[in-house]
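K.L.:
Numbering (my numbering), first residue to last: 2 to 265.
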Ligand SMILES: Cc1cc2nc3c(=O)[nH]c(=O)nc-3n(C[C@H](O)[C@H](O)[C@H](O)COP(=O)(O)OP(=O)(O)OC[C@H]3O[C@@H](n4cnc5c(N)ncnc54)[C@H](O)[C@@H]3O)c2cc1C
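Below, the structure is given as structure tokens:
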């Protein structure tokens, strides 16, 4: 006689795996909810209030009567510093060497597949920042930079394509910022936020001219077809690991890393 309703033994592992999946999804929902709640609390408690819309001049943005600060560099450090200044009543001018599409500094120039390497809770560059996942990607990081930049009405206070060449203190003890084609003075303070990365650096390997394949910098992976190719990644840092992940995901036939081994 066949017993209706009893499961064949083969079903048991599937039931267990589906139960454990549901439990882990439930725990992950609770963790995400708590993470977002905590961030909203930080926004509420620590974000300085943006300037009121009533006091906005059409050319110079918000009218601020506090000390006048020059901020050099519109990466996350410069945007965050400028937002804090404005949020505390200081007037700012944000000088950025590159064009508008490079707001966000180094993050505007990396691969579209690049993402944060530290957990995002340690990457809250301004109290108004909110992350929805642990390792946000480039696009999401740039969205948060743009959000903070606009929230504190910095567009009217940002000078793009203005590489600063010199800063000088005058007899009136005010700072003058000198850039190609001009200068702007009357600053009570200067914040230098020009970053540490700069332009990509490409070493020259002796004999590389004889190599028939492509040689690229780790920031040039977008759109690269590695399928079926042998890939050698030179270096063993975070960008190298990102390049290895890219090559493996792109179905390279072989991936090797060439890295220095530190002395014991
Ligand atoms: C793929 C990748 C992943 C990373 N992951 C992490 C991570 O997980 N955690 C972490 O902490 N860091 C990480 N970093 C490091 C990253 O550099 C910093 O987190 C951060 O973005 C640096 O911001 P910044 O504003 O200080 O500098 P930058 O982003 O370099 O911005 C400096 C800005 O100053 C401008 N500038 C330079 N000179 C002048 C001048 N003379 N006049 C005017 N403007 C000038 C530049 O054009 C640039 O826009 C990562 C970097 C990369 C590339």
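For glycine and all other residues, C-beta sits at the position ideal for the given N, C-alpha and C.
Just to confirm before moving on: does the CB-CB distance between residue 153 and residue 71 stay below 8 Å?
P.N.:
It is not a contact, given that the beta carbons lie outside the stated cut-off.
K.L.:
Apart from the five residues on each side of it in sequence, which residues of its chain come closer than 6 Å, Cβ to Cβ, to residue 108?
P.N.:
The residues are 139, 142, 143.
K.L.:
Under three-state DSSP, which class holds residue 4?
P.N.:
At residue 4, the pLDDT of 42 sits below 50, so the modelled position is not reliable; the number obtained from the coordinates is stated separately. Reduced to three states, the DSSP call for residue 4 is coil.
K.L.:
With a CB to CB cut of under 6 Å and the five nearest residues on each side skipped, what residues in its chain are close to residue 227?
P.N.:
Contacts found: 248, 251, 253.
K.L.:
Could you spell out where the alpha helix (DSSP H) holding residue 143 opens and where it closes?
P.N.:
Note, residue 143: alpha helix (DSSP H), 139 to 152.
K.L.:
Using the C-alpha atoms, what's the distance from residue 29 back to residue 94?
P.N.:
Using only the alpha carbons, I get a separation of about 43 Å.
K.L.:
For residue 259, I'd like the list of residues in its chain whose CB is within less than 8 Å of its CB, leaving aside the five on either flank, ordered along the chain.
P.N.:
Excluding positions up to five away in sequence, the list reads 233, 234, 235, 236.
K.L.:
What would DSSP say about residue 112, mapped onto helix, strand or coil?
P.N.:
If DSSP states are grouped into helix, strand and coil, residue 112 belongs with coil.
K.L.:
Say whether the stretch 73 to 93 touches the stretch 184 to 203, bearing in mind that this needs 3 or more beta-carbon pairs closer than 8 Å, one atom from each stretch.
P.N.:
Touching, yes, given that three or more Cβ pairs across the two stretches are closer than 8 Å.
K.L.:
Look at the alpha carbon of residue 3 and the alpha carbon of residue 17, and state the distance between them as a whole number of angstroms.
P.N.:
Unreliable placement is indicated for residue 3, whose pLDDT of 44 sits below 50; the coordinate value is still reported in the next sentence. Roughly 24 Å separates the two Cα atoms.
K.L.:
What residues does ligand 1 have around it, judged by CB closer than 6 Å to any heavy atom, in chain order?
P.N.:
Output, sorted by chain position: 73, 74, 75, 76, 77, 78, 79, 96, 97, 98, 99, 103, 106, 107, 108, 111, 115, 117, 118, 119, 124, 164, 165, 194, 195, 196, 198.
K.L.:
In terms of residues, what are the limits of the alpha helix (DSSP H) holding residue 245?
P.N.:
Residues 239 to 250.
K.L.:
DSSP on residue 38, reduced to helix/strand/coil?
P.N.:
Here residue 38 sits in helix by DSSP.
K.L.:
Can you find at least 3 beta carbon pairs, one from the stretch 98 to 107 and one from the stretch 146 to 164, that sit closer than 8 Å?
P.N.:
Touching, yes, given that three or more Cβ pairs across the two stretches are closer than 8 Å.
K.L.:
Look up residue 200 in the DSSP assignment and give the residues it is bridged to.
P.N.:
Per DSSP, none; premise fails for residue 200.
K.L.:
Give me, in chain order, the residues of the same chain whose beta-carbon lies closer than 8 Å to that of residue 261; leave out the 5 immediate sequence neighbours on both sides.
P.N.:
Closer than 8 Å at Cβ, skipping near neighbours: 237.
K.L.:
Would you mind working out which of 35, 88, 45 sits nearest residue 52, comparing C-alpha positions?
P.N.:
Looking at the Cα atoms, 88 is the closest of the given residues.
K.L.:
For the alpha helix (DSSP H) that contains residue 84, what are its first and last residues?
P.N.:
77 to 88 is the span of the alpha helix (DSSP H), which, as asked, contains residue 84.
K.L.:
Assuming residue 1 contacts residue 219 (C-beta within less than 8 Å), just tell me the rounded distance between them.
P.N.:
Any property of residue 1 remains undetermined from this structure, which presents the chain solely from 2 to 265.
K.L.:
Just to check my reading of the structure: residue 1 and residue 157 have Cβ atoms closer than 8 Å, yes? What is that Cβ distance to the nearest angstrom?
P.N.:
Look at the range of the chain in this structure, 2 to 265, and you will see that residue 1 is not part of it.
K.L.:
If distances are taken between C-alpha atoms only, which option among 210, 58, 190, 34 comes closest to residue 68?
P.N.:
It is 190.
K.L.:
Residue 101 by DSSP, collapsed to three states: which one?
P.N.:
Looking at residue 101 - three-state DSSP - the assignment turns out to be helix.
K.L.:
Go to residue 182, then tell me how far its beta strand (DSSP E) extends in each direction, as first and last residue.
P.N.:
Taken as a continuous stretch (DSSP letters only), residue 182 belongs to no beta strand (DSSP E), as it is neither H nor E.
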